[in-house]
Every structure is written in C-alpha cells, then in structure tokens.
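Position in the sequence shown counted from 1, then plus 6, gives you the numbering used here.
All C-beta atoms in this analysis are idealised placements derived from N, C-alpha and C, irrespective of residue type, glycine included.
From a predicted model like this one, the values you see are computed outputs, not experimental measurements.
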Amino acid sequence: DKSYVEGAVKAVEQAGLNLGVRINDKTIYFSAPPLTEETRLEVIKLLDKIKEEAFQGVRRLRDKAWKDLQDACVRSELREDDKFKGRDKLDETTREYREKMEEIAKRKEEEIKG
C-alpha cells in the first residue's frame, strides 16, 4: 500500500541502521554500506549469541519432553523400557538439531567473513 511507504522509510531512518533508501512507486529499496572488519566481527558475535540461545531452547524442549516421559511412566501410562527408548530418541534428535544449527551458523559465519 502506497500510504505505508513514507512511514516505513521514516521508521528505518530513525532506527539508525545506516541504510540508503530509494523509493520507486510502491516499492522501497534499501542499500547497506559494505561491512567493515569491525562490523563483521560484531555480526559474528551476534550470530554466536543467537546460536547459543537456540541451543538453550533446544535443551529446554528436550528437558521438558524428558520430564513428560518420566511423568507418564510414574502414572503408568508408559513402560519403563519405553521411557528409556524415548530418552534415546530425544538425545538423538537433540544431537541432530544441534549439528544442523552448528552447520548453519558456520556457513553464515563464512558468508559474513566474505
């Protein structure tokens, strides 16, 4: 919607992102200056922080699922051997997702380094 263009441009300018703005009818084009080495290092630090937060999120989900399995076993809704099979599957899935996240982060870091 053309009426949003001016507000969007103003918001980006006020955000202090150092982006160039060009408007063409209903389309807004943003251009970013080339990354300096200092900026690249800051972005990599941010990437590491995001990766760690993602790891923590996966761990929290794994811990909750493990607790749910244990509770189901206590309520006799799940056999003991199924509980441990479930834990093994949880560990395997957690490991797979950590590896995927690590690969993505490594690939992004290489892109940032240029």
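Cβ-based neighbour list, residue i, same chain, cut-off 7 Å, excluding 5 preceding and 5 following
i     : result
Trp72 : Arg93, Leu96
Leu25 : Val18, Phe36, Ser37, Ala38
Leu23 : none
Residues bridged to residue i [DSSP beta-bridge criterion]
i      : result
Phe138 : Residue coverage of the chain in this structure runs from 7 to 120, which leaves residue 138 outside it and unanswerable.
Anticipated Cβ contact below 8 Å, residue i with residue j, distance rounded
i      : j      : result
Leu75  : Lys89  : 5 Å
Ile118 : Arg46  : 5 Å
Leu53  : Lys114 : 6 Å
Neighbourhood of residue i by C-beta distance below 8 Å, restricted to the same chain and skipping five residues each side
i     : result
Ala78 : Leu84, Lys89
Glu86 : Cys79
Ala14 : Ile34
Reference residue i, options the options, closest by Cα
i      : options                     : result
Arg28  : Thr99, Val49, Val11         : Val11
Asp69  : Val15, Thr100, Glu105       : Thr100
Phe61  : Glu43, Glu44, Glu105, Ser82 : Glu105
Gly120 : Glu59, Ser82, Ile50         : Ile50
Cutoff 6 Å; reference residue i; Cβ partners in own chain excluding five residues on either side
i      : result
Tyr103 : Val64
Ala21  : none
Mind the definition here: the region 103-115 touches the region 28-35 only if three or more C-beta pairs lie below 8 Å; say whether that holds. no
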